[in-house]
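> Residue numbers (our numbering), protein chains in the order written: chain E, 1 to 479; chain H, 480 to 626.
Structure incoming, see below.
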Amino acid sequence: MPRMVRPAFRSPATTLAIVLATLITMPLADSLYRVPIQVSDSLEPIVIAAKYDSAQHLLHDSVTFSPTTFRPLRYLQARALLAFTQATGLTYHAVFRGLHVVLLLMLIALFVAAVRVRNWPDLVAFAVAFPVLLGIHTFLSMLFEAFPVNHFAEVGVCAMALFVLAQHQARWFVPIVACVLLALTLSVIESGAMVWVTVICCAAAGLRGINRTTVIATTVVFAGYLLLRHVLGISSPGIGGHGSGFGDRFYAPEELAQRFGAHPIGFMIYNVTGGLASLLFAEPRQGVYALLAAWREGEIHPVVLINVISSSATTALLIWYAAARLPRRRSAWSDADRTFVAACTAVIVNAAFNAVYIKDEIMSPAGLFYAIATFVAVRALIDSFPTQALAATSLAACVLATVAALWTFRAVGVHYQLRYDAFTTRNDWVEVLRPDKHAAWPEDPVELALTARIRAEAIARRTTSPSFMPRWTDRYWVE
Amino acid sequence: MWIIAAPCLVLAFWSASWTAGRLTGDGLWPPDDVTLSEAVATRNNAEAVRLIEGGANPNQPSRVRDGLLTSDYAVTIKPIEAAVGAQRADSVRTLLAHGASVDQEELRVLRCLERTRHDSGVRELLAVQSTSAVDCNGIRSPLDRVR
């Protein structure tokens, strides 16, 4: 066995954790791969990337595509994948959706590396935390994205990679890797700033892999990014740039601008606290409190109850760990304590990214860290069992098993929602290049040929109709 | 302690069976084999287009299993009748765009069917074909059980 692989299989518990993760991830990867390339968000960048005569020209122009975003690598990545498709003869679906699956596999592998299962209690904690990772709504929202490369998954992978590096001894290459990953993610989406946040949170928690050099280097890169945006005249989106919820209903961008545009501070505080609450308690979603609407209508869907109960119980466990198990002095913190603090701090800071509008995808890095913090807290609870009375231990084990069952149920729902997404995404292609609307077809032959081929690939991939899936599933898995 | 891990272990077992099923062509919620009318009845417009582009006749009646448009019995109907029965204006539009034809007698049947399965989008689409008042006396719904 190669030297680098050997440590991963150093104990039967480690091996079993990897086996569990592999078994559960395989059908998930299949469900994700079934979703066709999207019409919205994906087709346009692919077409733009294909029409340019050179990558340099595309890079130059992409800087000015939007007055509020700086995402040059979005188009360059699409162009690289188009070139890869032509070079290999693979389908566009295989390349674009295949990369999406690769990002999922990398996320899972990094999560397994981050929690570091070494013994049987670790494995039990892993069996709770892994369904939390998959079942939390921010994970599903992240899987839904595609621009056409999934930028939120890229941010998640880069943030998790740095988190894993931070848990090990500082090495000379860490500052370089951190700067490259930060520059990469900032070039695809503004949420890439979470990579810098991860570095700072890990350093603040005292994780030994992040030294002063890494902090300074990444801060310089981030400051350079902000300066570049300023020089290019790229502003941040304000209130009304995107729809968002408030109270028990969702508001269109213009409604938000009219209602909160003049005095945005209160709305921004609502968004930040709402973003954090959405992760910790599964409410609100996109800023809308479904519980409020359910109370008004007198009917509550089981999915809301399941999500709120499982998330609230898990958050209670994290609060217990922070209050009862975390030493007051940082110097007394164990590695697990530092991991917990770094993860929780990243969760809290991530909530600030929701200031202008709440979106589940924005909180997707926080969802990953939430699962890591859950692992640490569950592990500590299991450790406390021998010191407790038998009745207390039994009760805690039963409660934990119930919470794990709810999260596992939520994780199974990911398959259903991906099937549903595949169905609706494939149907979207019916409206593209309609035979009765020839006048609306692209005139550019490159654009027409590319669109026709991606459409043909999407239509040819059969999906499952929700009509043939169990009727009860909507009420239990779809909010 | 192991009871805590039980849900995840069960999920791993199920996942293994789904993967094994997928390799043998089944797995979790595989795509169903449907007729053109069934594809339309289940608002699976993309599958309807795939079938038409693969050679299916958009004017040919085909079977719709019970439970999709009717309870306890299957019907054999035209795809466009399935679209009106399913209250899907988008499906009606898709079929018309892909070669479905509607003569005056069929239009009368569809308009009467729409009266029993109200859908404003479908009504508007059918009204484009004919704005005259429709008399439904003597018109049998395609969704009625054949005795």
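Where a beta carbon is used, it is the ideal one built from N, C-alpha and C, also for glycine.
These numbers come from a predicted model, not from an experiment.
(1) For the alpha helix (DSSP H) that E/I382 lies in, which residues bound it at each end?
(2) Quick one: which chain E residues come within Cβ less than 9 Å of H/D511?
(3) E/S235: buried (16+ other C-beta within 10 angstroms of its C-beta) or exposed?
(4) Is the distance from the Cβ of E/S244 to the Cβ of E/I358 below 8 Å?
(5) With DSSP as the reference, please indicate the residues paired to H/I556 in a beta bridge.
(6) Output the distance between the C-alpha atoms of E/M1 and E/T15, rounded to the nearest integer angstrom.
(7) Cβ of E/T314 within 8 Å of Cβ of E/V180?
(8) Can you pull the chain H residues whose beta carbon is under 8 Å from the beta carbon of E/A411, in chain order?
(9) Under a Cβ-count criterion, where at least 16 other Cβ atoms within 10 Å of its own Cβ denotes burial, should E/D61 be classed as buried or exposed?
(10) With a threshold of 8 Å between beta carbons, is H/I559 in contact with chain E?
(11) Return the Cβ separation of H/L592 and H/P621 in integer angstroms, given the expectation that the two are a contact with Cβ distance under 8 Å.
(12) In chain E, what lies closer than 7 Å to H/I482 by C-beta?
(13) For H/V489, count neighbouring C-beta atoms within 10 Å of its own C-beta (all shown protein chains included) and say buried if the count is 16 or more, exposed if not.
(14) Out of E/Y251, E/F163, E/L32 and E/E255, which one is the CA nearest neighbour of E/N150?
(15) Could you give the C-beta distance for E/D122 and E/A21, rounded to a whole number, given that I count them as a contact under 8 Å?
(16) From E/A460 to E/R434, what does the alpha carbon distance come to, in whole angstroms?
(17) Under a CB-based cut-off of 8 Å, is E/N30 close to chain H?
(18) For the beta strand (DSSP E) that contains E/Y251, what are its first and last residues?
(19) Alpha carbon to alpha carbon, how far is E/F130 from E/T64?
(20) How do the segment 558-578 of chain H and the segment 518-532 of chain H stand: do at least 3 beta-carbon pairs fall below 8 Å, yes or no?
(21) List the whole-angstrom C-beta distance separating E/E479 from E/M142, where the pair is believed to meet the contact cut-off of C-beta under 8 Å.
(22) List, from N- to C-terminal side, the alpha helix (DSSP H) runs of 4 residues or more that fit wholly inside the segment 48-97 of chain E.
(23) Among the residues of its own chain, which have a CB less than 8 Å from the CB of E/V430, if the five just before and after it don't count?
(24) Excluding the five sequence neighbours on either side, which residues of its own chain have a C-beta within less than 8 Å of the C-beta of E/R419, listed in chain order?
(25) Could you have a look at E/G245 and say whether DSSP puts it in helix, strand or coil?
(26) Check whether the segment 288-303 of chain E touches the segment 370-387 of chain E, taking contact to mean three or more Cβ pairs, one atom from each stretch, closer than 8 Å.
(27) Is E/R285 helix, strand or coil by DSSP?
(28) Which residue comes first and which comes last in the alpha helix (DSSP H) that contains E/V132?
(29) E/R434 versus chain H: which residues are under 7 Å apart at the beta carbon?
(30) Give the residues from the segment 334-358 of chain E that approach chain H closer than 7 Å (Cβ to any Cβ), ordered along the chain.
(31) Indicate the three-state DSSP secondary structure (helix, strand or coil) for E/H151 in the structure shown.
(32) If I follow the unbroken alpha helix (DSSP H) through E/Y302, where does it start and stop?
(33) What residue range does the alpha helix (DSSP H) around H/N523 cover?
(34) Strictly below 7 Å CB to CB, what residues from chain H border E/H415?
(35) Does the beta carbon of E/M1 come closer than 8 Å to any beta carbon on chain H?
Concretely, from the data shown:
(1) Residue numbering aside, residue 382 of chain E sits at position 382 when the first sequence is read from its first letter. It spans S364 to S384 - the alpha helix (DSSP H) in which E/I382 sits, taken as one unbroken run.
(2) The count along the second sequence starts at 1 and reaches residue 511 of chain H at position 32. Within chain E, the residues placing a beta-carbon under 9 Å from that of H/D511 are R462, T464, S465, S467 and F468, ordered along the chain.
(3) Here residue 235 of chain E refers to the residue found at position 235 when the first sequence is read from its first residue. Exposure of E/S235 is indicated by the presence of fewer than 16 other C-beta atoms within 10 angstroms of its C-beta.
(4) For this step, residue 244 of chain E is matched to residue 244 along the first sequence. For this step, residue 358 of chain E is matched to residue 358 along the first sequence. The answer is yes: Cβ separation under 8 Å.
(5) If you number the second sequence from 1, residue 556 of chain H lands on position 77. Checking the DSSP bridge columns, you'll see H/I556 partnered with H/S541.
(6) Here residue 1 of chain E corresponds to residue number 1 of the first sequence, with the count starting at 1. Here residue 15 of chain E corresponds to residue number 15 of the first sequence, with the count starting at 1. In this prediction, E/M1 scores a pLDDT of 49, lower than 50, which makes its location untrustworthy; the coordinate-derived value is nonetheless stated afterwards. Approximately 14 Å between the Cα atoms of the pair.
(7) Indexing the first sequence from 1 puts residue 314 of chain E at position 314. Indexing the first sequence from 1 puts residue 180 of chain E at position 180. Taking 8 Å as the cut-off, the Cβ atoms of E/T314 and E/V180 do not count as close.
(8) The residue you call residue 411 of chain E lines up with position 411 of the first sequence. The contacting residues are L490.
(9) Working through the first sequence from its first residue, we reach residue 61 of chain E at position 61. Looking at its Cβ environment, which holds fewer than 16 other Cβ atoms inside 10 Å, E/D61 is exposed.
(10) Counting from 1 along the second sequence, the entry for residue 559 of chain H is found at position 80. No, because no Cβ of chain E sits closer than 8 Å to the Cβ of H/I559.
(11) To locate residue 592 of chain H, count along the second sequence from 1; it is residue 113. To locate residue 621 of chain H, count along the second sequence from 1; it is residue 142. At roughly 6 Å, the Cβ-Cβ gap stays under 8 Å, so H/L592 and H/P621 are in contact.
(12) Here residue 482 of chain H corresponds to residue number 3 of the second sequence, with the count starting at 1. Simply A397 and A401.
(13) Locating residue 489 of chain H in the second sequence gives position 10, where the first residue counts as 1. Burial is judged here by how many other beta carbons sit within 10 angstroms of a residue's own beta carbon; H/V489 has fewer than 16 and is exposed.
(14) As a first step, residue 150 of chain E is located in the first sequence; it is residue number 150 there, counting from the start. Nearest Cα to E/N150 within the set E/Y251, E/F163, E/L32 and E/E255: E/L32.
(15) Residue mapping note: residue 122 of chain E aligns to position 122 of the first sequence, counting from 1. Residue mapping note: residue 21 of chain E aligns to position 21 of the first sequence, counting from 1. About 13 Å separates the two Cβ atoms, so there is no contact after all.
(16) The count along the first sequence starts at 1 and reaches residue 460 of chain E at position 460. The count along the first sequence starts at 1 and reaches residue 434 of chain E at position 434. Those two C-alpha atoms are separated by around 16 Å.
(17) As a position in the first sequence, residue 30 of chain E is number 30, starting the count at 1. Reading the sequence as shown, one finds Asp at residue 30 of chain E and not Asn. Taking Cβ atoms only, chain H reaches closer than 8 Å to E/D30, which makes this a yes.
(18) By 1-based counting over the first sequence, the position of residue 251 of chain E is 251. Per DSSP, E/Y251 belongs to the beta strand (DSSP E) from R249 to Y251.
(19) The count along the first sequence starts at 1 and reaches residue 130 of chain E at position 130. The count along the first sequence starts at 1 and reaches residue 64 of chain E at position 64. When only Cα atoms are considered, E/F130 and E/T64 end up about 41 Å apart.
(20) Contact holds: three or more Cβ-Cβ distances are below 8 Å.
(21) Looking up residue 479 of chain E in the first sequence gives position 479. Looking up residue 142 of chain E in the first sequence gives position 142. Under the criterion of beta carbons closer than 8 Å, E/E479 and E/M142 do not qualify as touching, at roughly 16 Å.
(22) Restricted to the segment 48-97 of chain E, the alpha helix (DSSP H) segments that are unbroken, complete and at least 4 residues in length are 55-62 and 72-88, listed in chain order.
(23) Locating residue 430 of chain E in the first sequence gives position 430, where the first residue counts as 1. Excluding positions up to five away in sequence, the list reads I459.
(24) Here the question's residue 419 of chain E lines up with position 419 in the first sequence. Cβ neighbours of E/R419 beyond the five flanking positions: S31, R34, T463, T464, P466 and M469.
(25) Mapped onto the first sequence, residue 245 of chain E falls at position 245. Strand, per DSSP.
(26) Short answer: they don't touch.
(27) As a first step, residue 285 of chain E is located in the first sequence; it is residue number 285 there, counting from the start. E/R285 falls in the strand class under three-state DSSP.
(28) As a first step, residue 132 of chain E is located in the first sequence; it is residue number 132 there, counting from the start. DSSP places E/V132 inside the alpha helix (DSSP H), whose first and last residues are W120 to G135.
(29) Position 434 of the first sequence holds residue 434 of chain E. Chain H residues near E/R434: A576.
(30) Of all residues in the segment 334-358 of chain E, none is placed with a Cβ closer than 7 Å to any Cβ belonging to chain H.
(31) By one-based count along the first sequence, residue 151 of chain E stands at place 151. Correct three-state label for E/H151: helix.
(32) Working through the first sequence from its first residue, we reach residue 302 of chain E at position 302. Note that residue 302 of chain E is Pro in the sequence shown here, rather than Tyr. Segment P302 to W320, the alpha helix (DSSP H) holding E/P302.
(33) Along the second sequence, read from residue 1 onward, the residue named residue 523 of chain H stands at position 44. That residue, H/N523, is in no alpha helix (DSSP H); it is neither H nor E in DSSP.
(34) Position 415 of the first sequence, counted from the start, is the residue given in the question as residue 415 of chain E. Think of a sphere of 7 Å around the beta carbon of E/H415: the chain H residues whose beta carbon falls inside it are L507, in chain order.
(35) Taking the first sequence and counting its residues from 1, the one referred to as residue 1 of chain E is at position 1. Because E/M1 sits at a pLDDT of 49, beneath the cut-off of 50, its placement in the model cannot be relied upon, and the following sentence gives the value as read from the coordinates. Output row for E/M1: interface = no.
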